[in-house]
Amino acid sequence: MADNRPDLSNYLAHFTKGRPGKPALRILEEILSSKRLLASNLPWTNLPAVCFTECPWTSLLAHSKQYSPFGIGFAKPRVFAAGGGPAYYVRADHYKKQNWKKHVHTFVTPFWPKYRPASLKTDALGGKTIDYSHEREWRVPHDFVFEYSHVEFVILNSYDDMAKFSKDLKDQIGREKFILMENYKTIEQLWPVHKV
Numbered sequence: 002m003a004d005n006r007p008d009l010s011n012y013l014a015h016f017t018k019g020r021p022g023k024p025a026l027r028i029l030e031e032i033l034s035s036k037r038l039l040a041s042n043l044p045w046t047n048l049p050a051v052c053f054t055e056c057p058w059t060s061l062l063a064h065s066k067q068y069s070p071f072g073i074g075f076a077k078p079r080v081f082a083a084g085g086g087p088a089y090y091v092r093a094d095h096y097k098k099q100n101w102k103k104h105v106h107t108f109v110t111p112f113w114p115k116y117r118p119a120s121l122k123t124d125a126l127g128g129k130t131i132d133y134s135h136e137r138e139w140r141v142p143h144d145f146v147f148e149y150s151h152v153e154f155v156i157l158n159s160y161d162d163m164a165k166f167s168k169d170l171k172d173q174i175g176r177e178k179f180i181l182m183e184n185y186k187t188i189e190q191l192w193p194v195h196k197v
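In terms of the numbering used here, the sequence shown is residues 2 to 197.
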């Protein structure tokens, strides 16, 4: 693997998102218990995928606000070996002109940033701005199955979450692999080098 850099990581994180009646932390426990991330249908393509981010830690606080502060991480080679790879951000005017093959279409997302020229503001996607490039997304086009030895880290929000988390899962995965967002927020408050 390449050396880690401040703007690039050798690791990918999947953040859970809560839904009515099931908080994000519970969903993370279910993922870890089943050793499987379930693919869900993507917007634009309606094709199944499991999504990851390669955001460096300097961006994960903002990223976690969109989803939740609960996630699981894997090394890039593990995700790549499972059929995963980076998402393609394609200009919306090019996106609509393509006849995408299914195996490629899973990885494609339209790109129509707010800084596009005024002449394109109402073109292609009905005037919608679409820019997910900050997510630095990777996708696997099916369920992602793993073993505990494959888990590089687990992100929880707080010490309280860690205390309540399944003892069996902590023991099997290894407590040293658990990272608390609460600690990272404190570091950023004391040494605000990233202006999160």
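C-beta: ideal position from N, C-alpha, C; glycine also.
Please return the same chain residues whose Cβ sits closer than 6 angstroms to the Cβ of residue i, not counting the five positions on each side in sequence.
i: Arg-137; result: Thr-54, Glu-55, Cys-56
i: Tyr-240; result: With the chain covering 2 to 197 only, the question about residue 240 has no answer from this structure.
i: Thr-17; result: Ala-25, Ile-28, Leu-29, Ser-69, Phe-71
i: His-143; result: Ala-40
i: Tyr-96; result: Pro-111
Could you give the distance in angstroms between the alpha-carbon of residue i and the alpha-carbon of residue j?
i: Lys-103; j: Leu-48; result: 8 angstroms
i: Glu-30; j: Leu-170; result: 8 angstroms
i: Asn-184; j: Met-163; result: 12 angstroms
i: Trp-192; j: Leu-62; result: 15 angstroms
i: Glu-189; j: Lys-66; result: 15 angstroms
i: Phe-75; j: Leu-121; result: 39 angstroms
i: Phe-108; j: Ile-156; result: 25 angstroms
i: Tyr-90; j: His-64; result: 18 angstroms
i: Gly-19; j: Gly-128; result: 30 angstroms
i: Arg-176; j: Asn-42; result: 33 angstroms
i: Ile-32; j: Lys-165; result: 16 angstroms
i: Arg-117; j: Tyr-133; result: 14 angstroms
Restricting to Cα atoms, I'd like to know which of the options is closest to residue i.
i: Ile-131; options: Pro-114, Phe-147, Leu-9, Ala-88; result: Pro-114
i: Met-182; options: Thr-110, Asn-158, Ile-174, Gly-128; result: Asn-158
i: Lys-98; options: Pro-118, Pro-111, Pro-87; result: Pro-111
i: Thr-123; options: Val-146, Phe-147, His-135, Ala-93; result: Ala-93
i: Ala-88; options: Cys-52, Lys-178, Asp-8, Gly-19; result: Cys-52
Can residue i and residue j be called in contact, C-beta distance under 8 angstroms?
i: Ser-69; j: Ala-25; result: yes
i: His-15; j: Leu-39; result: no
i: Lys-77; j: Leu-13; result: yes
i: Ala-83; j: Val-152; result: no
i: His-135; j: Thr-46; result: no
i: Phe-154; j: Lys-186; result: no
i: Lys-23; j: Val-146; result: no
DSSP state of residue i, grouped into three classes?
i: Ser-10; result: coil
i: Asn-184; result: helix
i: Trp-58; result: helix
i: Tyr-90; result: strand
i: Leu-121; result: helix
i: Ala-76; result: strand
i: Arg-176; result: helix
i: Ser-41; result: strand
i: Ala-50; result: strand
i: Arg-137; result: coil
i: Phe-81; result: helix
Whose C-beta lies closer than 7 angstroms to the C-beta of residue i among residues of the same chain, with five residues either side of it excluded?
i: Ser-167; result: Glu-30
i: Tyr-160; result: Leu-181, Glu-183
i: Asp-8; result: Pro-57
Please go through the same chain and pick out, in chain order, the residues whose beta-carbon is closer than 8 angstroms to the beta-carbon of residue i, but skip the five residues on each side of it.
i: Ser-34; result: Ser-167, Leu-170
i: Trp-139; result: Leu-13, Cys-52, Phe-53, Thr-54, Glu-55, Lys-77, Val-80, Gly-85, Gly-86, Pro-87, Ala-88
Quick check on residue i - is its C-beta less than 8 angstroms from some C-beta in chain B?
i: Val-91; result: Chain labels in this structure do not include chain B; a single protein chain is all it has.
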